[in-house]
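> Just so we're aligned: 169 in full-length UniProt numbering is position 169 of the sequence shown, and the numbers increase by one with no gaps anywhere. Using N, Cα and C, we set each Cβ at its ideal position, and we do this for glycine too. Predicted model, so just to flag it, every value in this text is computed and none were measured. Here it is, the structure, as structure tokens.
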Amino acid sequence: RLCELLDTANRGWRKLAEVAGAEKRFKCSEEELEMCSLKVLEPHGSPTQCLLQLLAERDCSLKYLLACLAKMGHTQACQVLSGAVQDTIHITVQPESRTVAEGMQVALTCWASGPPGLSYQWFCGKQELPGATAPELVIDTGTPRGQPGWYICRVNFGLNYAFSRWAHVQVERSSSPSSASGYCPAMEGLQILRQPRPCHLAEGDTLVLECGAVGNPPPQYQWFRNQQPVEGAQAPQLQVKLVTTAERGSYSCRVFNLFHEVWSQEVQVEIGEGSARCPRPRGLPAGGDRGASLTLPPACPSPALAATDKVALLIGNMQYTHHKHLKAPMVDVHALSGLLRQLDFKVVSLLDLRKAEMQMAVNEFLLLLDEGVYGLLYYAGHGYENFGNSFMVPIDAPGSYTSAHCLCVQRVLRSMQQRRTALNIFLLDMCRKRNLNDNIIPQVGALQVTANIVFGYATCADAEAYELNQGELSNGIFVSFLKRWLVEDEKITVLLDKVAEDMGTLEITRGRQALELRSNLSERRALTDPIRPAEGQDESSVRNLQWAKAHVLPESRYLCFDCGVTVQLGFAAEFSNIMIIYTRIVAAPKEIAKCEAKLTDLPEELDTDLKFTNKESPEEVGSPLSRAWSRDVPSSCLYSRLCGLQRLRRELSFSVCLQYQYRGLEDFVEERRVVNVGKPLIAKLNLP
């Protein structure tokens with residue numbers, strides 16, 4: 001139908017190509033347009049169909065296509081496409097249950113994708129909330145309207161609609177000890193509201209176990225059977241159809257978020273007549289004598305290896321002051337961050353650190369380590385190796401740097417060993433050439449014989465490590481292959497062997513770069529091993545709190561200006577030391593024709609390029625990773641990217657400048673608001 005409308009109309013396929021080409025990745029070349037036009041010579045050829053195929057190959061969305069048709073003013077084509085996508089309302093961001101202290105504000109968010117013009121309506125229970133028609137609902141628990149309860153959002157487009165899932169808002173009284181956290185008002189505990197129950201089933205029945213919890217941040221789940229994680233069981237409800245005796249045993253659920261971890265009660269599931277417990281003999285058989293023989297059941301298998309916690313520090317240095325700039329570390333660190341979080345690692349990811357900042361970051365990393373913890377350090381940037389010691393080069397290293405200007409990896413290892421870790425992993429994505437300016441042999445000290453050390457070098461000794469020149473989103477060679485295997489359930493040394501084999505198939509680096517593995521690991525420890533906290537470990541331990549501090553974003557807030565305009569100020573994290581701030585007009589009086597809110601007066605110590613502030617699209621803020629974080633922020637905003645948060649000496653303060661124009665007047669009016677958002681993300685650790 002679109003082809004019929006656009007093949008012959010004046011506002012046809014050529015106009016669509018012109019409008020869609022406003023975004024560079026959708027711009028068609030003259031050869032491609034000529035190829036489309038020649039389709040009219042074919043019996044059933046369609047220039048429009050050819051153009052749509054080109055746009056589809058470049059991942060053009062229906063939403064963008066519909067916006068282009070609307071910009072063309074082609075009402076009939078818009079109606080055709082809108083009718084085709086009406087049923088595609090999809091909730092992309094679900095509201096999450098929250099627990100807050102009495103008197104505080106809490107925000108629930110629901111975002112949906114679909115045709116333009118989606119409308120939102122929030123409900124508390126079955127009661128429609130007047131005026132609650134924005135994707136974000138702010139609940140003030142200090143007012144009569146802001147009461148605890150169950151909330152849900154309905155998203156409409158015409159007669160079509162979709163509901164979000166329910167979110168429970170729970171209010172803790174101010175006397176609750178969990179509300180005493182001074183640095184992080186979002187930390188309000190984690191509570192299990194529904195415990196699983198034991199059950200006895202026949203073979204062929206359906207097993208259903210439920211564990212319900214609330215917390216802020218929202219809780220995550222992992223079910224266990226006989227102390228082993230159940231694969232794929234990461235939802236509040238565990239359901240197994242057509243059970244057999246293989247499913248009987250002891251079940252429990254691990255509930256966790258960024259700050260806390262709790263376990264449900266352990267319940268017994270019996271199938272048929274048997275029991276999954278390993279029985280222990282209690283005395284003699286009834287009626288037996290001391291000379292009677294006693295057949296013991298098979299011994300319970302020894303528990304699988306586990307970590308008391310898993311922590312990773314990822315550093316990527318690119319913007320060197322006196323040395324060649326690199327491209328891949330940003331993409332590599334981002335890729336590994338996501339994969340390691342899937343494996344339940346606590347991840348701190350940092351870009352472009354100076355010497356003092358690198359040392360302080362390592363010191364904070366060591367504070368997160370303890371007995372039984374898996375510690376992983378990944379570094380991407382310039383580096384060298386002298387006398388068997390590896391050195392990471394900070395971005396402020398002078399032209400002729402020595403070990404005095406760099407961080408020694410072996411010193412970090414020695415400090416990790418002193419923390420009695422269960423596994424020490426170093427993934428070093430850097431060159432290992434000899435540094436001719438440095439003839440000093442550092443006195444690292446004797447390393448302990450712990451049989452738990454793994455070094456994965458991106459290249460061999462006295463060789464260079466390369467990054468592929470394939471655009472801004474290209475990984476380095478090491479990570480290109482590492483990310484294929486990282487989440488595999490394999491002993492870490494076996495995993496790295498597979499990466500080495502894969503790297504050996506790359507023709508361009510053959511004879512120039514090859515992964516080198518050094519290890520004395522004696523146990524089958526893997527990155528996928530479950531986490532078993534040490535007995536008596538407090539869930540609000542120093543380790544959890546210290547890591548959580550580096551991941552606290554400021555709460556989204558609303559600024560009400562004297563002219564009646566309301567501006568939303570929101571935040572997103574790209575790395576632990578890079579934050580995105582966006583401003584959005586959410587309400588304006590009818591008499592105001594145009595308005596926008598921009599950030600000004602940003603602190604000088606931040607690495608903020610003014611060319612990349614107050615941009616109308618995420619792609620313009622100077623980050624090739626904009627697609628990754630822009631999925632979680634609203635559209636129609638102005639975006640700014642703030643780097644180097646570790647350099648903040650004081651709380652982050654800036655101005656929001658609102659410029660607006662009344663209808664019938666040419667001049668713009670300006671209002672300013674000073675905003676203080678505290679120390680966000682890594683700035684809380686005071687690294688400098």
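Starting from the C-beta of Asn520, find all residues in its chain whose C-beta is less than 7 Å away, skip the five residues before and the five after it, and write them out in chain order.
Residue 520 sits at position 520 when you count from the first residue of the sequence shown. Excluding sequence neighbours, Asn520 sits near Ala451, Ile453.
> Nearest CA to the CA of residue 737: which residue from Asn577, Glu670, Cys68, Gly511?
Residue 737 is absent from the structure shown; the chain starts at 1 and stops at 688.
> Contact defined as beta carbons within less than 8 Å: I believe Leu606 pairs with Cys637. What is the distance between those atoms, to the nearest angstrom?
The residue you call residue 606 lines up with position 606 of the sequence shown. The residue you call residue 637 lines up with position 637 of the sequence shown. Cys637 and Leu606 do not touch by the CB rule: their CB atoms are close to 20 Å apart, not below 8 Å.
> Considering just the uninterrupted stretch of the alpha helix (DSSP H) at Asp529, what are its terminal residues?
On the sequence shown, position 529 is the one that residue 529 refers to. That residue, Asp529, is in no alpha helix (DSSP H); it is neither H nor E in DSSP.
> Mind pulling the alpha helix (DSSP H) runs of 4 or more residues that sit fully within the segment 315-370?
Uninterrupted alpha helix (DSSP H) stretches at least 4 residues long and entirely within the segment 315-370 occur at 328-342, 355-367, given in chain order.
> What residues in its chain sit with their C-beta under 8 Å from that of Leu66, if we drop five residues either side in the sequence?
As a working note, residue 66 is residue 66 in the sequence shown. Taking C-beta separations shorter than 8 Å and ignoring five residues to either side along the sequence, the partners of Leu66 in its chain run Cys78, Leu81, Ser82, Val85, Pro115, Pro116, following chain order.
> Taking the continuous beta strand (DSSP E) assigned at Gln105, which residues delimit it?
For the purposes of this step, residue 105 is taken as residue 105 along the sequence shown, with counting starting at 1. Residues 105-109.
> Rounded C-beta distance between Gly131 and Ile139? I'm assuming under 8 Å.
As a position in the sequence shown, residue 131 is number 131, starting the count at 1. As a position in the sequence shown, residue 139 is number 139, starting the count at 1. A Cβ-Cβ distance of about 13 Å is found for the pair Gly131 and Ile139, leaving them out of contact under the 8 Å criterion.
> Would DSSP call His405 helix, strand or coil?
Working through the sequence shown from its first residue, we reach residue 405 at position 405. Of the three classes helix, strand and coil, the one that applies to His405 here is helix, per DSSP.
> Less than 8 Å between the CB atoms is what I'm expecting for Cys460 and Ala514, so what's the real figure, rounded?
Against the sequence shown, residue 460 aligns to sequence position 460. Against the sequence shown, residue 514 aligns to sequence position 514. Yes, they are in contact, since the Cβ atoms of Cys460 and Ala514 sit about 6 Å apart, within 8 Å.
> With 16 as the cutoff for other CB atoms within 10 Å, does Arg290 come out buried or exposed?
As a first step, residue 290 is located in the sequence shown; it is residue number 290 there, counting from the start. Because Arg290 sits at a pLDDT of 38, beneath the cut-off of 50, its placement in the model cannot be relied upon, and the following sentence gives the value as read from the coordinates. The residue in question, Arg290, is exposed, as its Cβ has fewer than 16 Cβ neighbours within 10 Å.
> Taking the alpha carbon of Tyr558 as the reference point, which residue from Arg194, His551, Thr583, Met430 has its own alpha carbon closest?
Taking the first residue of the sequence shown as position 1, residue 558 is located at position 558. Cα-wise, what sits closest to Tyr558 is Thr583.
> I'd like the span of the alpha helix (DSSP H) that includes Cys3, first residue to last.
Taking the sequence shown and counting its residues from 1, one reaches residue 3 at position 3. It spans 2-6 - the alpha helix (DSSP H) in which Cys3 sits, taken as one unbroken run.
> When DSSP labels each residue in this structure, what does Glu30 get in the three-state scheme?
Mapped onto the sequence shown, residue 30 falls at position 30. It is helical.
> Report the residue from Tyr639, Ser97, Ala404 whose alpha carbon sits nearest the alpha carbon of residue 730.
The question about residue 730 has no answer here: the residues shown for the chain are numbered 1 through 688.
> Met392 bridges to which residues according to DSSP?
Against the sequence shown, residue 392 aligns to sequence position 392. Gly383, Leu407.
> Looking at the secondary structure, which residues open and close the alpha helix (DSSP H) in which Trp485 lies?
Indexing the sequence shown from 1 puts residue 485 at position 485. Its alpha helix (DSSP H) spans residues 477-485.
> Where does Ile139 sit, in a helix, a strand or coil, going by DSSP?
On the sequence shown, position 139 is the one that residue 139 refers to. Strand, per DSSP.
> In the DSSP assignment, find the beta strand (DSSP E) that holds Val19 and state where it starts and stops.
For the purposes of this step, residue 19 is taken as residue 19 along the sequence shown, with counting starting at 1. Under the DSSP assignment, Val19 falls outside any beta strand (DSSP E), being part of the alpha helix (DSSP H) whose first and last residues are 13-20.
> When we look at the beta-carbon of Gln239 and count the other beta-carbons within 10 Å, is it buried (16 or more) or exposed?
For the purposes of this step, residue 239 is taken as residue 239 along the sequence shown, with counting starting at 1. Result: exposed.
> Give me the Cβ distance between Lys679 and Leu648, rounded to the nearest whole Å; I'm assuming they're in contact under 8 Å.
Reading the sequence shown from its first residue, position 679 is the one you call residue 679. Reading the sequence shown from its first residue, position 648 is the one you call residue 648. That belief holds up - the Cβ atoms of Lys679 and Leu648 are roughly 6 Å apart, short of 8 Å.
> Pull up the DSSP beta-bridge partners for Ile152, would you.
In the sequence shown, the residue the question calls residue 152 occupies position 152. Paired residues: Phe123.
> Closest by CA to residue 697, which one among Val106, His90, Glu102?
One cannot answer for residue 697 here, as it falls past the ends of the chain, which runs 1 to 688.
> So, helix, strand or coil for Phe668, using DSSP?
Along the sequence shown, read from residue 1 onward, the residue named residue 668 stands at position 668. The three-state secondary structure of Phe668, taken from DSSP, is coil.
> What three-state label does DSSP hand Gln76 in the structure shown?
The residue labelled residue 76 in the question sits at position 76 within the sequence shown. Residue state, collapsed to three classes: helix.
> Quick one: grab the DSSP three-state call for Glu96.
As a first step, residue 96 is located in the sequence shown; it is residue number 96 there, counting from the start. Glu96 falls in the coil class under three-state DSSP.
> Going along the chain, which residues of its own chain have a beta-carbon closer than 7 Å to the beta-carbon of residue 689, five neighbours each way excluded?
Since the first residue of the chain shown is 1 and the last is 688, residue 689 is not available in this structure.
> On the CB-based measure, 16 or more other CB atoms within 10 Å of its CB, does Glu136 come out buried or exposed?
Taking the first residue of the sequence shown as 1, we reach residue 136 at position 136. Counting Cβ neighbours within 10 Å, Glu136 comes out buried, since at least 16 surround it.
> Measure the C-alpha to C-alpha separation of Val674 and Ile395 and round it to an integer number of angstroms.
As a first step, residue 674 is located in the sequence shown; it is residue number 674 there, counting from the start. As a first step, residue 395 is located in the sequence shown; it is residue number 395 there, counting from the start. The alpha-carbon atoms of Val674 and Ile395 are separated by roughly 33 Å.
> Could you round the C-beta distance between Glu464 and Cys431 to whole angstroms and report it? I think they count as a contact, below 8 Å.
Here residue 464 is taken as the residue at index 464 of the sequence shown, counted from 1. Here residue 431 is taken as the residue at index 431 of the sequence shown, counted from 1. With 8 Å as the limit, Glu464 and Cys431 qualify as a contact, their Cβ atoms being about 5 Å apart.
> Name the DSSP bridge partner or partners of Gln568?
Counting from one through the sequence shown, the residue named residue 568 turns up at place 568. In DSSP, Gln568 forms a bridge with Tyr558, Arg584.
> Would Leu377 and Leu313 qualify as a contact pair, given that the criterion is a beta-carbon distance under 7 Å?
In the sequence shown, counting from the first residue as 1, residue 377 sits at position 377. In the sequence shown, counting from the first residue as 1, residue 313 sits at position 313. Yes; because the gap between Cβ atoms is below 7 Å, this pair is in contact.
> State buried or exposed for Gln170, treating a residue as buried only when at least 16 other CB atoms are found within 10 Å of its CB.
If you number the sequence shown from 1, residue 170 lands on position 170. Buried is the call here.
> What is the DSSP secondary structure of Ser113, reduced to helix, strand or coil?
Locating residue 113 in the sequence shown gives position 113, counting from the first residue. Looking at Ser113 - three-state DSSP - the assignment turns out to be strand.
> Here's a check: name, in chain order, each residue in its chain whose Cβ is nearer than 7 Å to the Cβ of Cys408, leaving out the five neighbours to either side.
For the purposes of this step, residue 408 is taken as the residue at position 408 of the sequence shown. For Cys408, the CB contacts under 7 Å within the same chain, skipping 5 residues up- and downstream, are Asn389, Phe391, Pro442, Val444 in chain order.
> How big is the Cα-Cα spacing for Trp629 and Phe575?
As a position in the sequence shown, residue 629 is number 629, starting the count at 1. As a position in the sequence shown, residue 575 is number 575, starting the count at 1. Each residue's Cα considered, the two are about 10 Å apart.
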